[in-house]
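Student: In my numbering, the protein residues as written are 2 to 313.
In this text, a Cβ means the ideal position worked out from N, Cα and C, and glycines have one as well.
Predicted model, so just to flag it, every value in this text is computed and none were measured.
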Ligand SMILES: [Zn+2]
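(1) Run the CB neighbour count on residue 122, radius 10 Å, all protein chains shown included, and call it buried at 16 or more, exposed below.
(2) Work out the CA separation of residue 296 and residue 112 for me, nearest whole Å.
(3) Taking 6 Å as the cut-off, is the CB of residue 163 close to at least one heavy atom of ligand 1?
(4) What's the C-alpha gap between residue 120 and residue 129?
(5) Across the segment 20-27 and the segment 65-81, are there enough close Cβ pairs to call them in contact, namely three or more that are closer than 8 Å?
(6) What does DSSP give as the partner residues of residue 180 in its beta bridges?
(7) If we ignore side chains and look at the alpha-carbon of each, how far apart do residue 102 and residue 51 end up?
(8) Taking the Cβ atom as the reference point for each residue, do residue 117 and residue 263 lie within a distance shorter than 7 Å?
(9) State the start and end residues of the unbroken beta strand (DSSP E) segment that holds residue 258.
(10) Take the Cβ of residue 290 as the centre, count every other Cβ of all protein chains shown within 10 Å, and call the residue buried at 16 or more, exposed below.
(11) Following the continuous alpha helix (DSSP H) through residue 46, name the residue where it begins and the one where it ends.
(12) Does ligand 1 have even one heavy atom less than 6 Å from the beta-carbon of residue 102?
(13) Beta-carbon separation of residue 36 and residue 14 under 7 Å?
(14) Output the boundary residues of the alpha helix (DSSP H) element that contains residue 118.
(15) Closer than 6 Å to a non-hydrogen atom of ligand 1 - does that hold for the CB of residue 177?
(16) Establish whether the CB of residue 219 and some CB of chain C are separated by less than 7 Å.
(17) Identify, in the order they occur along the chain, each residue of the same chain with its Cβ nearer than 8 Å to the Cβ of residue 46, setting aside the five sequence neighbours on each side.
(18) For residue 12, which three-state DSSP category applies?
(19) Hey, could you find the ends of the alpha helix (DSSP H) residue 129 is sitting in?
(20) Excluding the five sequence neighbours on either side, which residues of its own chain have a C-beta within less than 8 Å of the C-beta of residue 312, listed in chain order?
(21) Rounded to whole angstroms, what's the CA-CA distance from residue 177 to residue 43? Just pull it up for me.
(22) Are the Cβ atoms of residue 233 and residue 220 separated by less than 7 Å?
(23) Report the partner residues of residue 1 according to the DSSP bridge assignment.
(24) Measuring only from the beta carbon, is residue 243 closer than 6 Å to any heavy atom that is part of ligand 1?
(25) Return helix, strand or coil for residue 220, following the three-state DSSP convention.
(26) Below 7 Å between beta carbons: does that hold for residue 67 and residue 38?
(27) The beta strand (DSSP E) that contains residue 29, what's its start and end?
(28) Report, in whole angstroms, the separation of the C-beta atoms of residue 252 and residue 144, which I expect to be a contact under 8 Å.
(29) Just how far apart, CA to CA, sit residue 223 and residue 268?
(30) Where residue 272 and residue 53 are concerned, what is the direct C-alpha to C-alpha distance, given to the nearest angstrom?
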């Protein structure tokens, strides 16, 4: 019982990894999610993926299969309460995969899985308390306290992206206004960049991009040579710092790890962020400093973390 399966369900593909307590990868693969073909088809794909990954391994060696799934997850009972992108509602996912693969299965939210993966094998491995914040289409993440995943009541907590940083601000998909995610996601950054370009036709950014080709990289690429780009990035980082500091002031982790597309900017993002965090950190930086770092595991974080659900 020294090998573990980690499964990360995404909108398009399901990633799987066979690993051990040290994060050694024995095998990894992926299959299409096929959620549009129904839960049956998706579970069939996941079962096939698991069977393939453990093909050359004695089943007795497998401690279990952890699954990270988007949406609202009842981790205690292994149920997907609601996952809009996967068309799932009150679906007994853990039980279904257990039946098909005859392995113990645990389930958690995909963002929580990624946080656990980074905490155990990635940028947080030297710290007991860490927070992962992913800057993608939305803002997600997870919280690790004393080495353990903190899921909140009925495992429905840590929706970091839906804490408000601007009261009565921009309308969010969750129904609130001014959510962190409306200002700090990659999608928000692209919106902010387009708006800034439209507001200044002389911006250098027009030389390389138009409104259809702008990405989250655009304002960073022009940061040093275009004031409009600089203002977009500075404002974005200011919003990001605000949301991160709210998390820090509640949980006071030793490290905040940034994942998702925008985190690819590396030090162009983490350095100015660290400066703001240090300046505004409650009680200053002497007693309990907080490091801002880029996450390390990329798209594998979720699968690693899912496997880690069995590594207690
Ligand atoms: Zn929201």
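Tutor: This is what the structure holds:
(1) By one-based count along the chain shown, residue 122 stands at place 121. Label assigned to residue 122: buried.
(2) Position 111 of the chain shown, counted from the first residue, corresponds to residue 112. Position 295 of the chain shown, counted from the first residue, corresponds to residue 296. In a straight line, the C-alpha of residue 112 is about 13 Å away from that of residue 296.
(3) As a position in the chain shown, residue 163 is number 162, starting the count at 1. Checking the Cβ of residue 163 against ligand 1 gives yes.
(4) Taking the first residue of the chain shown as 1, we reach residue 120 at position 119. Taking the first residue of the chain shown as 1, we reach residue 129 at position 128. Approximately 8 Å between the Cα atoms of the pair.
(5) no
(6) Residue numbering aside, residue 180 sits at position 179 when the chain shown is read from its first letter. As computed with DSSP, residue 180 is found in a beta bridge with 165.
(7) Sequence index remark: in the chain shown, residue 102 carries index 101 (1-based). Sequence index remark: in the chain shown, residue 51 carries index 50 (1-based). Approximately 7 Å between the Cα atoms of the pair.
(8) Your numbering for residue 117 matches position 116 in the chain shown. Your numbering for residue 263 matches position 262 in the chain shown. No; because the gap between Cβ atoms is not below 7 Å, this pair is not in contact.
(9) Position 257 of the chain shown, counted from the first residue, corresponds to residue 258. Run containing residue 258: 256-260, per the beta strand (DSSP E) assignment.
(10) If you number the chain shown from 1, residue 290 lands on position 289. Burial state of residue 290 is exposed, judged by a 10 Å Cβ sphere holding fewer than 16 other Cβ atoms.
(11) Position 45 of the chain shown, counted from the first residue, corresponds to residue 46. Taken as a continuous stretch (DSSP letters only), the alpha helix (DSSP H) holding residue 46 covers 40-54.
(12) For this step, residue 102 is matched to residue 101 along the chain shown. False, no ligand heavy atom lies under 6 Å from that Cβ.
(13) Taking the chain shown and counting its residues from 1, the one referred to as residue 36 is at position 35. Taking the chain shown and counting its residues from 1, the one referred to as residue 14 is at position 13. No; because the gap between Cβ atoms is not below 7 Å, this pair is not in contact.
(14) Numbered from 1 along the chain shown, position 117 holds the residue referred to as residue 118. First-last of the alpha helix (DSSP H) with residue 118: 111-122.
(15) Against the chain shown, residue 177 aligns to sequence position 176. Answer for residue 177: yes, Cβ within range of ligand 1.
(16) In the displayed structure, chain C is absent; only one protein chain is listed.
(17) The residue labelled residue 46 in the question sits at position 45 within the chain shown. The residues are 15, 32, 33, 34, 35.
(18) Translated into positions along the chain shown, residue 12 becomes position 11. The answer is coil: DSSP assigns residue 12 none of H, G, I, E or B.
(19) The residue given as residue 129 occupies position 128 in the chain shown. From DSSP, residue 129 is part of no alpha helix (DSSP H); its letter is neither H nor E.
(20) By one-based count along the chain shown, residue 312 stands at place 311. Closer than 8 Å at the Cβ level, and outside the excluded window around residue 312, lie 5, 22, 64, 121.
(21) As a working mapping, residue 177 is identified with position 176 in the chain shown. As a working mapping, residue 43 is identified with position 42 in the chain shown. Rounded to whole angstroms, residue 177 to residue 43 spans 32 Å at the Cα level.
(22) Stepping through the chain shown from its first residue, residue 233 is reached at position 232. Stepping through the chain shown from its first residue, residue 220 is reached at position 219. Yes.
(23) For residue 1 there is no data in the structure shown, the boundaries of the chain being 2 and 313.
(24) As a position in the chain shown, residue 243 is number 242, starting the count at 1. False, no ligand heavy atom lies under 6 Å from that Cβ.
(25) On the chain shown, residue 220 is found 219 positions in, with the first residue counted as 1. If DSSP states are grouped into helix, strand and coil, residue 220 belongs with the helices.
(26) Here the question's residue 67 lines up with position 66 in the chain shown. Here the question's residue 38 lines up with position 37 in the chain shown. Contact flag unset, no.
(27) Taking the first residue of the chain shown as position 1, residue 29 is located at position 28. It spans 26-33 - the beta strand (DSSP E) in which residue 29 sits, taken as one unbroken run.
(28) As a working note, residue 252 is residue 251 in the chain shown. As a working note, residue 144 is residue 143 in the chain shown. 6 Å between Cβ atoms; contact.
(29) The sequence position of residue 223 within the chain shown is 222, counting from 1. The sequence position of residue 268 within the chain shown is 267, counting from 1. Each residue's alpha carbon lies about 15 Å from the other.
(30) As a first step, residue 272 is located in the chain shown; it is residue number 271 there, counting from the start. As a first step, residue 53 is located in the chain shown; it is residue number 52 there, counting from the start. C-alpha separation (whole angstroms): 43 Å.
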